[in-house]
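K.L.:
Handing you this structure, nothing more for now.
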Amino acid sequence: MENCIFCKIVAGEIPSPRLYEDEKMIVIRDIQPKAKLHYLCIPKNHFALLSEMDGEKAEIVKHCFQVIPTLEKALGLEGGYRVIVNQGENGGQTVRHLHIHLLGGEKLGDF
Ligand code: AMP
Ligand code: ZN
Numbered sequence: 001m002e003n004c005i006f007c008k009i010v011a012g013e014i015p016s017p018r019l020y021e022d023e024k025m026i027v028i029r030d031i032q033p034k035a036k037l038h039y040l041c042i043p044k045n046h047f048a049l050l051s052e053m054d055g056e057k058a059e060i061v062k063h064c065f066q067v068i069p070t071l072e073k074a075l076g077l078e079g080g081y082r083v084i085v086n087q088g089e090n091g092g093q094t095v096r097h098l099h100i101h102l103l104g105g106e107k108l109g110d111f
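When you line the sequence shown up against the working numbering, it's residues 1 to 111, in that order.
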């Protein structure tokens, strides 16, 4: 997808160290962390919204949610963390490439 910053990161056109990578997803640090630890799990396939999910995309999202817990220790998230998937305008989604925020490393406030 042209002009998608996360597609460019996935393609290596914008450098961003990968804390984890497999055939379906990468995990990077958020450039503007909203908690002591703030990661982004980014599927390699471009799609913007959960509402666009078909069977193949659902498998990708499932994969992400299966892998995330296996990374807890490596990412320093053993104490717990928050998972956020912002959707659309009202959800505050600024990058229209589906991604999963992982926030932790400290006791998070209520929201
Ligand atoms: P959202 O508002 O849910 O769409 O989240 C987009 C997130 O991407 C924000 O938290 C940004 O700080 C983050 N972000 C934008 N550009 C980059 C980048 N080049 N590297 C890492 N994180 C980024
Ligand atoms: Zn994209």
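A virtual CB, placed ideally from N, CA and C, is assigned to each residue, including glycine.
1. Just grab the DSSP bridge partners of P43 for me.
2. Determine, using beta-carbon pairs with one atom in the stretch 44-57 and one in the stretch 1-12, whether at least three such pairs fall under 8 Å.
3. How is L37 classed by DSSP in three states: helix, strand or coil?
4. What separation, rounded to the nearest whole angstrom, lies between the Cα atoms of V85 and G92?
5. Comparing the CB of C41 with every heavy atom of the ligand ZN, is any distance shorter than 8 Å?
6. By DSSP's criteria, G104 is part of a beta bridge. Which residues make up the other side?
P.N.:
Short version:
1. DSSP lists M25 as partners of P43.
2. Short answer: they touch.
3. DSSP places L37 within a strand segment (E or B) once states are collapsed to three.
4. Distance between the alpha carbons of V85 and G92: 10 Å.
5. When distances are taken from the beta-carbon of C41 to the heavy atoms of the ligand ZN, even the shortest one reaches 8 Å or more.
6. Bridge partners of G104 according to DSSP: L37, Y81.
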